[in-house]
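In our numbering, the protein residues as written are 28 to 408.
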Amino acid sequence: MSAKDYLEKDYYSILGVAKDADEPTLKKKYRKLARELHPDTNKEKGAEDKFKAVSEAYDVLSDPKKRTEYDQMRTYGASAGGFSGGGFDPRNAQGQSGFNVNLEDVLGGFNLGDLFGGGGRKQQRARRGSDLETEVSISFNDCLEGTTLPLTLRGQTTCTNCKGSGAKPGTNPKKCAACNGSGQTMRNAGGFGFADTCAACYGTGRIIEQKDSNCNGTGIVNETRTITARIPAGIKTNSKLRLKGKGEPGGRGGEPGDLIVNVIVKEDEIFFRDGDNVRITVPIRFDEAVFGAQIAVPVPAGTTVTLKIPAHTQNGRTFRVKNEGMSNTSGGKGDLLVKVEIAVPQNISGNAKDLLTEFANEVTHDNPRAEIIALNARRKR
Ligand SMILES: [Zn+2]
Ligand SMILES: [Zn+2]
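Next up, the structure:
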């Protein structure tokens with residue numbers, strides 16, 4: 028800066044502070060403006076010039092000696108005693124022209140990249156891979172015992188040849204000497220430090236001397252991969268299985284994401300899932316219901332069990348067969364719930380028809396609806 032700068036520039040209004048603003052106010056105001064205008068984040072036209080102006084203003088006003096000089100100059104003009112000659116030296120002690128603010132100091136020792144986002148250390152930090160999601164349908168049968176399914180996935184995956192390091196097997200990536208492994212280099216511009224992505228290692232902080240040929244040094248390959256998923260017995264439909272580390276590979280040595288498998292259990296033709304229990308509806312004949320019977324009932328395993336139907340069994344009654352249901356994921360087993368339904372014959376042979384007619388004549392005065400008709404009659408007024 029020169030004496031001319033001092034005369035022409037209103038540093039107070041550039042920073043938007045009062046003439047008597049104290050040091051903490053100046054610092055607060057400057058921090059705010061520096062963040063807004065920093066060229067690393069603000070790409071608007073003129074932002075960089077404003078940033079420089081703001082920094083220059085702060086440089087002068089934050090230094091008590093310079094601020095006094097500036098105030099006097101603004102009050103009395105360039106001819107004020109002591110300023111027209113060698114009294115004012117715009118150069119600092121190191122002989123560099125320009126202002127001399129340590130931005131990191133002002134900003135409270137924060138890393139520039141952290142403050143301004145992008146271009147900083149954040150970018151080169153190990154990044155966990157994304158979770159991937161897929162869906163599989165399994166049959167009721169597979170659900171009974173649990174199953175192992177191959178899942179075919181297309182996409183990026185960690186290179187198995189180098190285990191994701193990108194270095195030829197048997198060699199290791201070296202720490203980048205240009206940035207000392209940090210992935211960024213500092214550039215000085217007008218007394219300010221700017222963080223740049225290291226050109227030697229592209230911000231990774233590592234140098235691979237001998238690339239793995241399988242992934243060309245990236246540690247990542249694009250491929251169709253088949254992984255095996257173990258589906259536990261008794262899994263409920265729409266359950267999500269999380270296969271750890273089977274998702275997208277991580278960046279810069281970061282952990283891979285997980286694979287989320289949404290499991291759909293298809294409906295069965297004869298069995299109906301009810302939690303750990305399994306339901307089935309079994310037709311029985313009228314005479315079986317009346318006299319009782321021992322009937323064969325299908326169980327999910329594909330075989331049958333014998334179920335004893337007691338005499339005088341009403342239609343729709345449910346019987347429980349212990350431990351013939353679905354295995355649950357904690358090792359237990361549900362029951363088979365058998366609902367009996369009296370089947371009405373569609374065809375009836377001559378002899379059976381005669382016998383049934385004889386039966387009907389025999390029970391004609393036995394009206395099964397008598398009770399509800401009597402109950403209903405009480406409603407009548
Ligand atoms: Zn590789
Ligand atoms: Zn580097």
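Using N, Cα and C, we set each Cβ at its ideal position, and we do this for glycine too.
| query | result |
| --- | --- |
| Proximity to Gly193 [Cα-Cα], best of Lys238, Met100 and Val326 | Lys238 |
| Burial state of Asp223 (16 or more Cβ within 10 Å) | exposed |
| Delimiting residues of the beta strand (DSSP E) encompassing Phe346 | Thr345 to Val348 |
| Neighbourhood of Glu75 by C-beta, 6 angstroms cutoff - its chain only, sequence neighbours within 5 removed | Pro66 |
| Inter-residue Cα distance where the pair is Thr255 and Arg155 | 22 angstroms |
| Simplified DSSP assignment, three categories, for Ala387 | helix |
| Own chain partners of Ala205 with C-beta closer than 6 angstroms, once the 5 adjacent residues on each side are dropped | Cys225 and Ala227 |
| C-beta contact flag for Val288 and Gln183 at 9 angstroms | no |
| Lys92 to Phe78 span [Cα, whole Å] | 23 angstroms |
| Host alpha helix (DSSP H) of Pro337 (start-end) | Where Pro337 is concerned, there is no enclosing alpha helix (DSSP H), given that its DSSP letter is neither H nor E. |
| Pairwise C-alpha distance: Val305 and Gly261 | 11 angstroms |
| Option nearest Ala311 by Cα separation, candidates Leu382, Thr102, Thr331 and Gln341 | A small fix is needed here, since residue 311 is Ile in this sequence, not Ala. The shortest C-alpha separation from Ile311 is found at Gln341. |
| DSSP three-state assignment for Phe298, whether helix, strand or coil | coil |
| Beta carbon of Asp303 nearer than 9 angstroms to that of Gly361 | yes |
| When Ser354, Glu236, Thr187 and Asp393 are compared against Lys201, the one with the closest alpha-carbon | Glu236 |
| Nearest-angstrom beta carbon gap, Leu334 and Phe318 [assumed within contact, 8 angstroms] | Going by Cβ atoms, the distance from Phe318 to Leu334 rounds to 15 angstroms, so no, they are not a contact pair. |
| Closer than 6 angstroms to ligand 4: residues, by C-beta to nearest heavy atom, in chain order | As far as ligands go, the structure on display features ligand 1 and ligand 2 and does not contain ligand 4. |
| Which of helix, strand or coil DSSP assigns to Ile41 | helix |
| 8 angstroms contact criterion, which Val309 and Val367 should meet: CB distance rounded | 6 angstroms |
| Distance between Asn388 and Asp381 (C-alpha atoms, nearest Å) | 11 angstroms |
| Straight-line gap, Tyr97 to Ala84 (C-alpha atoms, nearest Å) | 10 angstroms |
| Contact belief for Leu171 with Ser357 at Cβ below 8 angstroms, rounded distance in angstroms | 16 angstroms between Cβ atoms; not a contact. |
| Neighbouring residues (CB closer than 6 angstroms to any heavy atom of ligand 2) | Cys203, Ala205, Cys206, Gly210, Cys225, Ala227, Cys228 and Gly232 |
| Three-way DSSP call (helix, strand, coil) for Ile254 in this model | strand |
| Span of the beta strand (DSSP E), counted from its first residue to its last, around Glu162 | Leu159 to Ile165 |
| Per-residue DSSP class, three states only, for Met353 | coil |
| Closest Cα partner of Thr198 within the set Ala323, Asn374 and Ser240 | Ser240 |
| Lys202 (DSSP reduced to helix, strand or coil) | strand |
| Residue environment, Tyr33, which counts as buried when at least 16 other CB atoms sit within 10 Å | buried |
| Contact under 9 angstroms by Cβ, Gly73 with Lys56 | no |
| Per-residue burial, Val390 [other beta carbons within 10 Å of its own, 16 or more giving buried] | exposed |
| Residue range of the unbroken beta strand (DSSP E) whose run includes Arg181 | Thr174 to Thr185 |
| Tyr38 burial status per 10 Å Cβ neighbour count (16 or more: buried) | buried |
| Residues that DSSP places opposite Glu368 in a beta bridge | Pro310 |
| Selected residue, minimal CA-CA separation from Gly218, among Ser376, Ser82, Gly281 and Ser89 | Ser82 |
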